[in-house]
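> Heads up, the sequence shown is in our numbering, so the first residue is 133 and it goes up one at a time.
Take this structure, written in structure tokens, and hold onto it; I'll ask about it next.
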Amino acid sequence: MVSSNRVDITATAAALRAEERNATAVTIEELTKTAAPDDAKWSASMSQALAAGGIVIQMDGSRSEADWPSIAWQLLAYVVITAAEVLVSITCLEFSYTQAPPAMKSFVMSLYLLSVAAGNTLTALVNRFTMDADGNSTLVGADYYWFFTKLMAVASVAFLIVGYLYKPRDYMQEETAKWPSSPGQEP
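Below, the structure written as structure tokens:
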């Protein structure tokens, strides 16, 4: 399928059709009609079509088929994210409860939940404003994740500064009445 750095279109299309990847076969056949094989844009389009078909044509002419990963690979990531959210939520709500004066406990807890909503809104806005006219993200590949990594680093520095300057206070509520030990007893 590959000889002296050139793709044998007929053999490659036949291999794709044998693997029931007809859309990719049609795409590479159409590419041969639209541009010269020596064109850099043609080479990039051909590579993209072959990658989309899940076949890698190696320099020696052999091919290597891509295996589609199982959705089970996401299980560990979801377990870690869920555990992190549970631990962070409990910690933040406990901090809000112990550090807020009695008259403001609900308000301070609502500010924590508002900050979670603001974070989700920020992500949605970044996704919206980084789209080009075709609906593709301008933060391609790892750039998207590096953007949020840098944003998180800035937030971490701000957290360190606020944490250093913060003076803790405990506003624990006192028990005002004893609960009855059995039904019918007065406190």
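Ideal placement from N, C-alpha and C gives every residue a C-beta, glycine not left out.
Does the Cβ-Cβ distance between I160 and A176 come in under 7 Å?
Taking the first residue of the sequence shown as position 1, residue 160 is located at position 28. Taking the first residue of the sequence shown as position 1, residue 176 is located at position 44. Cβ atoms of I160 and A176: not closer than 7 Å.
> Considering only residues of the same chain and omitting the five flanking positions on each side of S228, which have a CB-CB separation below 6 Å?
Residue numbering aside, residue 228 sits at position 96 when the sequence shown is read from its first letter. Cβ neighbours of S228 beyond the five flanking positions: V240, M241, Y244.
> May I ask you to report which of helix, strand or coil DSSP gives S288?
The residue given as residue 288 occupies position 156 in the sequence shown. Looking at S288 - three-state DSSP - the assignment turns out to be helix.
> Assuming M241 is part of the alpha helix (DSSP H), what are its boundary residues?
Taking the sequence shown and counting its residues from 1, one reaches residue 241 at position 109. Counting along the chain, the alpha helix (DSSP H) containing M241 begins and ends at 237-261.
> So T223 and Y303 are supposed to be a Cβ contact under 8 Å. How far apart are they, rounded?
Looking up residue 223 in the sequence shown gives position 91. Looking up residue 303 in the sequence shown gives position 171. That belief does not hold up - the Cβ atoms of T223 and Y303 are roughly 17 Å apart, past 8 Å.
> Within 10 angstroms of the Cβ of T281, are there 16 or more other Cβ atoms? Answer buried if so, exposed if not.
Here residue 281 refers to the residue found at position 149 of the sequence shown. Burial call: exposed.
> Indicate whether L163 and A157 have their beta-carbon atoms separated by less than 7 Å.
Locating residue 163 in the sequence shown gives position 31, where the first residue counts as 1. Locating residue 157 in the sequence shown gives position 25, where the first residue counts as 1. Against a cut-off of 7 Å, the Cβ pair of A157 and L163 comes out as no contact.
> Starting from I160, trace the alpha helix (DSSP H) both ways and give me its first and last residue.
Taking the sequence shown and counting its residues from 1, the one referred to as residue 160 is at position 28. That run of the alpha helix (DSSP H) goes 154-166.
> Looking only at DSSP bridge pairs, what is S269 linked to?
Working through the sequence shown from its first residue, we reach residue 269 at position 137. Per DSSP, M263.
> According to the neighbour-count rule (16 or more other Cβ atoms, all chains shown, within 10 Å of its Cβ), is R301 buried or exposed?
Along the sequence shown, one-based indexing puts residue 301 at 169. Exposed.
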